[in-house]
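Working notes, beginning with the structure itself.
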Amino acid sequence: MADGAFLPAAAPTRRDVGIRMQLGGARPFALGHEPRRRVAVAVLPVVVELELTSAADSASAGDPSAATDDDEEGGDEEEEEEDVVVVVEQEDAIVEQSSTKRRRVEDQHRHQAVVMKSDEDTVGSSKDVKIDECPPHPGFFGGLCYRCGKRQDEEDVPGVAFGYIHKGLRLGTTEIDRLRGADLKNLLRERKLVLILDLDHTLINSTKLFDLSAAENELGIQSAAKEVVPDRSLFTLETMQMLTKLRPFVRRFLKEASDMFEMYIYTMGDKAYAIEIAKLLDPDNVYFGSKVISNSDCTQRHQKGLDVVLGDESVAVILDDTEYVWQKHKENLILMERYHYFASSCRQFGFGARSLSETMQDERENDGALATILDVLERIHTIFFDPVIKRVRQEVLQGCKLVFTRVFPLHQRPQDQMLWKMAEQLGAVCCTDVDSTVTHVVALDLGTEKARWAVSNKKFLVHPRWIEAANFRWQRQQEEDFPVARPKEKGKENAADAPISKENGDKNAADAANAKKGNENVADAGSTKEGSKENADDAANSEEGSKENADDAANAEKSKSDGAASGATGS
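Residues 1 to 571 in full-length UniProt numbering are what the sequence shown lists, from first letter to last.
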């Protein structure tokens, strides 16, 4: 049996089908017996797990009736009666065990609510919600409700088949809305929108081999498509007898668009064709995954709709070359210029000119249709998230009312402090006084009156780093991960810091003394230098005075000699 077609077998086989479903965090339950075969299906934020158990299969190894042949059928009557007794006893045991487990599950659903985590866990919520009992059924897998295990009836809740995600999956409208809401929160947190991409004449152009023109055959286009070269754009689909040409710039377009959008392929072509083209566009399966929608997934003939897309319509952008197939979603559509590479495409739309393939030309990479549209998508993304960022950020601490104690400097307005403003940007309400509506007290230690009030009134007492962590991670953090130090712990820290402070003080005092001594040495050196200079001046003056005295003595001696000479002459 193929995966996804899990319908209960006929009654004589005593086949007991057990279903275990985990959807958005729902608590799983199981029916049936060992051994078990599990099939897991990923549905964007949905995880579907099914267990198929067969009591008949488990008993087949020891069931004599399963191993009988024509010879054994002709055996004596005693052996046949013995076999019948064994089979009946096994059948009765299976039925009794199955009925017991069914009653147990029914009692559980009737008297006990199944609790599960809400999808808001993805954005930081920790609330638990209760799942209502079926009906209404959230959805079906293989014709069975994945919550209660009931078979799908014609009167069951209407929904949409999501066969492109997994064969046999059908979701109810309420469940679709819930999943889209959860997906929207994830997208906004990741700063992404939803992009729906058409294939033919938008990202690619394909043609049947028998539709190739004479000119294309003469140019050897089939041989060129078979050449394996790096970054090639022309391919042969052997099983479909087709050629496919990727539009210029398409690889870079997908790479850059994937940073801004969660992308879907949506084509009116067949499923097999869509999957083959997806492999060419996304060989590493990093862009689309299972999000490849074809004509068999449409809910209306010759029309495309966002009802089969698990993305919210408010954030969806559509790229398509055909407008009339999007009658219900024209506001989301960006009409693309058609890409006509092959001659058959030109003939289909009534163009008489030669095709790009016949002229051996192509669109330019840098300013072609896809490069132009990428610029448009970047502007849409920027404009959309400018107001959205603020709204998403305000959901982080929404519902929290904070009081700060000894966190900010004295004589400064707390409203002007960065931490206060950060908390308000995250959606918290900040105030200066405590009252019954306060949810958190932000403090550095337990030694303040407000901190003690928080403890006695069972309010959250957190360190300022709790706000900073929420700002960085865009999620409310667990308060117990950001405790406030007790006074004795703070005293120990201060005691540990005391020797360091004393050592630093002694070192600073020694440095000050050395500095003072250095200043005195500098002053002494200056005085010494000045004294030496004065002594040198005195020595120079003394030398000059000695020289003057010597000159005076010489003059006196000369005058005496002249006087003696004059007296001799006069006598």
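Think of the CB as a built atom: it goes at the ideal place given N, C-alpha and C, for glycine as much as any other residue.
Residue nearest to residue i in terms of C-alpha spacing, selected from the options
i           : options               : result
residue 271 : 165, 223 and 253      : 165
residue 279 : 237, 316 and 248      : 237
residue 358 : 429, 216 and 140      : 216
residue 296 : 390, 268 and 168      : 268
residue 360 : 184, 234 and 175      : 234
residue 247 : 262, 379, 259 and 371 : 371
residue 158 : 176, 148 and 149      : 176
residue 290 : 148, 162 and 470      : 162
residue 283 : 300, 301, 299 and 254 : 254
residue 299 : 436, 170, 178 and 258 : 170
residue 457 : 436, 151, 474 and 369 : 436
residue 316 : 140, 141, 264 and 231 : 264
residue 201 : 323, 386, 417 and 232 : 323
Segment limits, alpha helix (DSSP H) that includes residue i
i           : result
residue 280 : 271-281
residue 424 : 418-425
residue 313 : Unbroken run through residue 313: none, as it is neither H nor E.
residue 245 : That residue, residue 245, is in no alpha helix (DSSP H); its beta strand (DSSP E) goes 242-246.
residue 141 : Per DSSP, residue 141 belongs to no alpha helix (DSSP H); it is in the beta strand (DSSP E), 139-141.
Residue i, enclosing beta strand (DSSP E) - first and last residue
i           : result
residue 320 : 316-320
residue 192 : Looking at the DSSP string, residue 192 is not in any beta strand (DSSP E), and its letter there is neither H nor E.
residue 217 : Where residue 217 is concerned, there is no enclosing beta strand (DSSP E), although the alpha helix (DSSP H) it sits in stretches over 214-218.
residue 440 : 440-443
residue 376 : No beta strand (DSSP E) contains residue 376, which is instead part of the alpha helix (DSSP H) from 369-393.
residue 170 : 169-172
residue 430 : 429-431
Under 9 Å between C-beta atoms of residue i and residue j
i           : j           : result
residue 199 : residue 193 : no
residue 402 : residue 438 : yes
residue 419 : residue 464 : yes
residue 415 : residue 390 : no
residue 260 : residue 411 : no
residue 196 : residue 320 : yes
residue 252 : residue 378 : no
residue 245 : residue 342 : yes
residue 582 : residue 189 : Since the first residue shown for the chain is 1 and the last is 571, residue 582 is missing from the structure and cannot be characterised.
residue 139 : residue 172 : yes
Same chain, Cβ closer than 6 Å to residue i, five either side skipped, listed in chain order
i           : result
residue 346 : 340 and 355
residue 276 : 237
residue 434 : 403, 450 and 453
residue 344 : 207 and 211
residue 348 : none
residue 369 : 337
Backbone CA spacing between residue i and residue j [nearest angstrom]
i           : j           : result
residue 363 : residue 376 : 18 Å
residue 334 : residue 476 : 38 Å
residue 218 : residue 273 : 27 Å
residue 472 : residue 422 : 11 Å
residue 309 : residue 392 : 23 Å
residue 137 : residue 266 : 28 Å
residue 318 : residue 243 : 26 Å
residue 225 : residue 153 : 50 Å
residue 185 : residue 384 : 15 Å
residue 227 : residue 211 : 21 Å
residue 174 : residue 160 : 11 Å
residue 408 : residue 431 : 13 Å
residue 250 : residue 256 : 10 Å
residue 203 : residue 145 : 38 Å
residue 394 : residue 428 : 8 Å
residue 239 : residue 143 : 33 Å
residue 223 : residue 338 : 26 Å
residue 374 : residue 468 : 35 Å
residue 134 : residue 293 : 30 Å
residue 209 : residue 241 : 6 Å
residue 191 : residue 147 : 33 Å
residue 462 : residue 386 : 31 Å
Cutoff 7 Å; reference residue i; Cβ partners in own chain excluding five residues on either side
i           : result
residue 406 : 443, 444 and 448
residue 311 : 180, 183, 194 and 262
residue 303 : 325 and 327
residue 523 : Reliability of the predicted coordinates at residue 523 is poor, the pLDDT of 46 falling under 50, and no value is obtained from them.
residue 388 : 188
residue 258 : 287
residue 399 : none
residue 466 : 477, 479 and 482
Close Cβ partners of residue i (< 8 Å) along its chain, the five nearest in sequence each way excluded
i           : result
residue 313 : 306, 329 and 332
residue 353 : 346
residue 460 : 439, 440, 441, 454 and 479
residue 470 : 396, 397, 426, 476 and 477
Interface flag, residue i vs chain B, CB-CB below 9 Å
i           : result
residue 281 : As a matter of chain content, chain B is missing from the structure shown, which is built from one protein chain.
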